[in-house]
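Under this note's numbering, think of the first position of the sequence shown as 2, with each following residue one higher.
Don't be surprised by glycine CBs; every beta carbon is placed ideally from N, CA and C.
Keep in mind that this is a model prediction, so the values were computed, not measured.
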Amino acid sequence: MPTPLNKHYPDGRPYFRPPAVEAAIDELLGQDFATACRRAAITDRDSREYVPSEALVHLIRDARRRNDEASMDVLLPILLRRCESNLRTKVSSDLPNAEYIREEILGLFSELFAADGAGSNPDQLDFFEAHFNQAFQGLRIDIVRQEERKTLNRT
Numbered sequence: 002m003p004t005p006l007n008k009h010y011p012d013g014r015p016y017f018r019p020p021a022v023e024a025a026i027d028e029l030l031g032q033d034f035a036t037a038c039r040r041a042a043i044t045d046r047d048s049r050e051y052v053p054s055e056a057l058v059h060l061i062r063d064a065r066r067r068n069d070e071a072s073m074d075v076l077l078p079i080l081l082r083r084c085e086s087n088l089r090t091k092v093s094s095d096l097p098n099a100e101y102i103r104e105e106i107l108g109l110f111s112e113l114f115a116a117d118g119a120g121s122n123p124d125q126l127d128f129f130e131a132h133f134n135q136a137f138q139g140l141r142i143d144i145v146r147q148e149e150r151k152t153l154n155r156t
């Protein structure tokens with residue numbers, strides 16, 4: 002059973018993972034590490050063994066809580082490659098400094114894992130465990146808009 006999420010929606014309801022994500026996490030936690038890693042590396046979303054990004058976030062956070070650097074060193078790059086693939090299609094190369102923007106987004110996302118459980122928003126990654134695509138989209142849009150404002154201010 003995965004650890005519960007701590008963050009709450011504005012109306013006071015606690016964040017929760019969709020049942021399919023909960024089931025995927027339960028299944029992964031019952032498998033050996035090599036199998037979980039092999040499955041995490043699958044990029045075909047139609048594969049029965051595909052690991053949802055929400056579940057991958059959970060595995061990484063769990064490894065961090067256990068100070069399991071070896072697991073983090075394997076799993077975090079897998080998730081970052083997924084994110085990098087998303088950014089290649091979602092951050093237009095027509096944008097000035099598109100590559101810098103992509104790197105900035107990945108860097109900030111990586112920092113969320115480094116800060117997980119600490120600071121002023123210790124449960125920020127809870128939203129990524131509940132709604133990964135929506136959370137990553139929000140992060141991406143915020144940074145793209147920031148960079149667009151900087152570009153406008155320079156002209």
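Residue i - partner residues in DSSP beta bridges
i, result
"H9", "P15"
Burial state of residue i, where buried means 16 or more other Cβ atoms lie within 10 Å
i, result
"H59", "buried"
"R155", "exposed"
"L153", "exposed"
Other residues of its chain near residue i: CB distance less than 8 Å, five sequence neighbours each side excluded
i, result
"R46", "none"
"R89", "R103"
"L107", "L81, C84, E85 and L88"
"N134", "S54"
Residues near residue i in its chain [Cβ-Cβ closer than 6 Å; skip 5 each side]
i, result
"A37", "L29"
"V75", "C38"
"V22", "P53, E55 and A56"
Reference residue i; option with closest CA among the options
i, options, result
"R65", "E23, A25 and S111", "S111"
"R146", "A119, L113, L96 and H132", "L96"
"A56", "G118, V92, A24 and D117", "A24"
"H132", "G13, R14 and R18", "R18"
"F34", "A71, F129, A115 and I43", "A71"
"V92", "I142, Y51 and T4", "I142"
"N68", "D12, F114 and R14", "F114"
Cut-off 7 Å between Cβ atoms - residues of its own chain near residue i, not counting five sequence neighbours on either side
i, result
"R62", "D117 and L126"
"L109", "L140 and I144"
Is the region 114–130 touching the region 4–24 in the sense that three or more CB pairs, one from each, lie closer than 8 Å? Between the region 4–24 and the region 114–130 there are three or more C-beta pairs closer than 8 Å, enough to call the two in contact.
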